[in-house]
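In what follows, a single structure is set out as structure tokens and then discussed.
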Amino acid sequence: MTTSEEENEETVQSGSDEGSVDSQNDDPVEKPSNKKVHKLSLRKTEDFNAKLKKRGIVYLARIPPRMTPTKVKTLLGDFGEITRVYLAEEDAAVRKRRRKLSGNGSKRYVEGWIEFASKKVAKHVAASLNSTPITNYKRSAHYGDLWVLKYLSKFEWSHLTEKVAYERRVKEQKLRLETMQARKETAAYKQLVETGKKIDKIEERKRRRAEKEGKTFESETKKFKPTHQIKPIVEGGAKAGKSAILRSLV
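The sequence shown: position 49 = 49 (UniProt numbering), numbered continuously.
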């Protein structure tokens, strides 16, 4: 792997299909690609692993509206080199409900992870910027919002990859179960409809046979057991009602 390829690997790459600069987000779960695989020498592998050990990750607990991965990198990149940024999008159901209530269906993020090339820089950024204003420019969309940052000790990007991959598997499994349940309910409903049609045909044949024989036909599906309502206690007021209840218990 050449030096330029190593540098490109460390930069934030776009994980969105939109292709816009503002939608730049580094997906921690790598997708299969058709790129040619280059073999690394032992020295280059050791150097790359040494670089990974020097990196530090800062957790962004709250992301205000209109904040994008590119903007996060721009704002925090002044304090040190940022290698990767990943912001988790809000749930699709939450976004759909927000669009229905307020009419605003813009993409929003709920949490994020920023990887710095140096652990020292990451610690300094988290300690100095936490609970401080994002910007003091009053016309900015983020005026009044605060940074909510925390340095993640002994946390690596591979841990985030495993977390996101696990959540995706859980989501896919849940979707499969819901699809299977919907199919079962649909099949059961169709079975009930078919059974109802068969019963209707049987009763229609019985009705015609009864008409030919001059008998009265009564549908079995319309038969029901009469329910007798209990007479309410109203005579004599509350005292009479209490005495009647006591007599029934004795």
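Ideal Cβ placement from N, Cα and C applies to all residues, glycine included. Remember, predicted model here, so these are calculated numbers, not experimental data.
In angstroms, rounded to a whole number, what distance separates the CA positions of I134 and T161?
When rounded, the distance between both Cα atoms is 28 Å.
My guess is that L75 and I82 are in contact by the Cβ rule of under 8 Å, so how many angstroms apart are they, rounded?
At roughly 10 Å, the Cβ-Cβ gap does not stay under 8 Å, so L75 and I82 are not in contact.
Which residues does DSSP pair with L152 in a beta bridge?
According to DSSP, which records beta bridges pairwise, L152 is partnered with I57.
V85 and residue 252 - do their beta-carbons sit closer together than 7 Å?
Nothing about residue 252 can be reported from this structure: the residues present for the chain run from 1 to 250 only.
Check the DSSP bridge columns for L146 and list the partner residues they point to.
In DSSP, L146 forms a bridge with P133.
CB W147 to CB Y59, shorter than 7 Å?
Not closer than 7 Å, so no.
Return the first residue and the last residue of the beta strand (DSSP E) that G112 is part of.
Y109 to F116 is the span of the beta strand (DSSP E), which, as asked, contains G112.
Residue range of the alpha helix (DSSP H) that R97 falls in?
That run of the alpha helix (DSSP H) goes A92 to S102.
Starting from the Cα of A92, find the closest Cα among R139, Y109, F79 and K54 and give me that residue.
When only C-alpha atoms are compared, the closest one is Y109.
Could you have a look at R84 and say whether DSSP puts it in helix, strand or coil?
In this structure, R84 counts as strand in the three-state DSSP scheme.
Would you call the CB atoms of V170 and P28 closer than 7 Å?
Against a cut-off of 7 Å, the Cβ pair of P28 and V170 comes out as no contact.
Rounded C-beta distance between K54 and K119? I'm assuming under 8 Å.
The Cβ separation is near 6 Å, so the contact holds.
If we ignore side chains and look at the alpha-carbon of each, how far apart do A187 and Q173 end up?
In a straight line, the C-alpha of A187 is about 21 Å away from that of Q173.
So who's on the other strand from E178, going by DSSP bridges?
DSSP output for E178 lists no bridge partner at all.
Under the DSSP definition of a beta bridge, which residues are partnered with E89?
Y109.
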